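Take a look at the structure below.
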């Protein structure tokens with residue numbers, strides 16, 4: 003039976019999400035990433051590529067190279083929602099799914115030729131994703147992961163390629179060596195120094211020579227250059243943890259600012275748990291100081307998604323962690339041991355008014371966005387929640403949660 007591995011990759015995913023949320027960005031050069039001296043380009047539109055812009059570069063340099071580009075501060079929660087939409091569509095259609103990243107998927111279609119035709123199936127699935135989400139997506143289809151992934155890269159933007167069995171080496175041969183997965187900057191530099199710029203020359207080298215030049219990864223690189231890859235699909239499971247963090251433009255020792263950031267992140271992740279009908283039983287806080295020392299503490303709690311249970315735990319962990327009074331570069335939180343389930347009242351600690359409050363707040367957030375209702379103490383914290391508010395210039399609703 004012929005193996006058939008499908009690789010999907012959402013094109014300039016973060017940019018595409020931003021364009022769905024703001025149509026004024028369509029056909030314009032767009033940079034998504036962080037601000038300040040430490041800002042990095044997380045994604046850039048194809049319109050910025052001729053200027054030499056690429057993901058991973060300094061945002062400051064990118065803006066100098068392409069001054070007309072529109073800058074957008076990234077929002078991971080918004081992107082995750084779109085990723086979940088795509089995941090669900092693919093998951094319902096294929097027998098085996100692997101989610102390699104937030105915007106990259108593998109599916110094993112082996113055996114489907116007997117019933118439908120793998121290429122026809124993949125095309126129709128791609129069309130469905132585009133129609134239902136509005137996101138551009140490309141795919142490569144071949145007998146293994148490596149060739150399919152490289153084919154997807156060659157298909158972009160917003161297209162598709164099928165590499166028939168037996169044509170893998172021929173397809174890879176004319177490509178630049180950096181197109182082969184696992185060939186990073188260092189490996190590529192070594193190969194170029196030997197005069198190897200295209201995959202075909204790498205294919206022609208004895209595997210022992212590649213091993214001697216590239217070390218322990220040499221054999222794997224040689225195999226992939228020759229279109230050999232027997233890795234199976236790693237079945238996708240629902241995530242067991244969620245996390246978020248904030249890197250400050252300037253290191254800070256402002257405890258009020260740090261605590262406000264912590265609370266904003268905590269209530270936002272707790273809201274996401276409730277929206278997805280999830281509960282957590284372990285919360286953690288991470289602090290990275292200006293000297294890059296990083297410390298983390300976690301605590302087990304009863305399964306919950308309630309702010310009034312989670313936030314005090316986060317504050318307690320922060321108080322135990324932050325006792326050095328050094329400048330802080332980054333603060334983050336993580337919820338783990340996540341399971342499905344709805345938050346239910348605790349007869350000893352909760353009241354119906356608390357549950358009614360959560361229901362009311364979540365209803366408003368579900369309808370108008372996560373920033374529609376915020377705690378007054380976190381008003382100065384930006385970029386933690388969804389920035390987009392249908393009230394536009396109108397201020398968000400503020401509330402102060404009182405102890406009952």
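Residue numbers (our numbering): 3 to 406.
For every residue, glycine included, the Cβ atom is placed at its ideal position computed from N, Cα and C.
Quantities reported herein were computed from a predicted structural model and do not represent experimental measurements.
Cβ-Cβ distance between residue 127 and residue 6 below 9 Å: no
List the residues that DSSP assigns as beta-bridge partners of residue 34. According to DSSP, residue 34 bridges with 45 and 74.
Pairing CB atoms from the segment 142-149 with CB atoms from the segment 165-173, are three or more of them under 8 Å? yes
Identify the continuous beta strand (DSSP E) that holds residue 285 and give its terminal residues. 280-291
Within this structure, are the beta carbons of residue 295 and residue 159 separated by less than 9 Å? no
Is residue 196 buried or exposed, if buried means 16 or more other CB atoms sit within 10 Å of its CB? exposed
Assuming residue 68 and residue 31 are in contact, meaning their beta carbons sit under 8 Å apart, how far apart are those beta carbons, in whole angstroms? 6 Å
By the DSSP assignment, the beta strand (DSSP E) with residue 299 in it spans what residues? In the DSSP annotation of this structure, the continuous segment of the beta strand (DSSP E) that includes residue 299 starts and ends at 296-306.
Would residue 282 pass as a contact of residue 312 if the rule is Cβ separation under 9 Å? yes
Considering residue 161, what are the terminal residues of the beta strand (DSSP E) in which it resides? Membership of residue 161 in any beta strand (DSSP E) is not indicated, and neither H nor E is assigned to it by DSSP.
Those runs of the beta strand (DSSP E) which lie wholly inside the segment 49-130 and span at least 3 residues: Segments of the beta strand (DSSP E) lying fully in the segment 49-130: 72-75, 99-103 and 106-110.
Exposed or buried, what is residue 35 when buried is set at 16 or more other beta-carbons lying within 10 Å of its beta-carbon? buried
Extent of the continuous alpha helix (DSSP H) run through residue 202: 201-206
May I have the straight-line CA-CA distance separating residue 152 from residue 10, to the nearest angstrom? 11 Å
Alpha carbon of residue 211 to alpha carbon of residue 149, nearest angstrom: Those two C-alpha atoms are separated by around 23 Å.
Between the CA atoms of residue 138 and residue 105 - distance to the nearest angstrom: 11 Å
Can you find the residues in the same chain that come closer than 6 Å, C-beta to C-beta, to residue 15, ignoring five residues on each side of it along the sequence? So the qualifying residues of the chain are 105.
Identify, in the order they occur along the chain, each residue of the same chain with its Cβ nearer than 8 Å to the Cβ of residue 292, setting aside the five sequence neighbours on each side. 253, 328, 329, 330 and 331
Which residue's Cα is closest to the Cα of residue 3: 223, 77, 114 and 76? 114
Within its chain, find whatever has a CB closer than 6 Å to the CB of residue 175; leave out the 5 residues flanking it on each side and keep chain order. 201 and 202
Enumerate in chain order the residues of its own chain whose CB-to-CB distance from residue 71 is below 6 Å, with the five nearest sequence positions on each side excluded. These residues qualify, in order along the chain: 31, 33 and 50.
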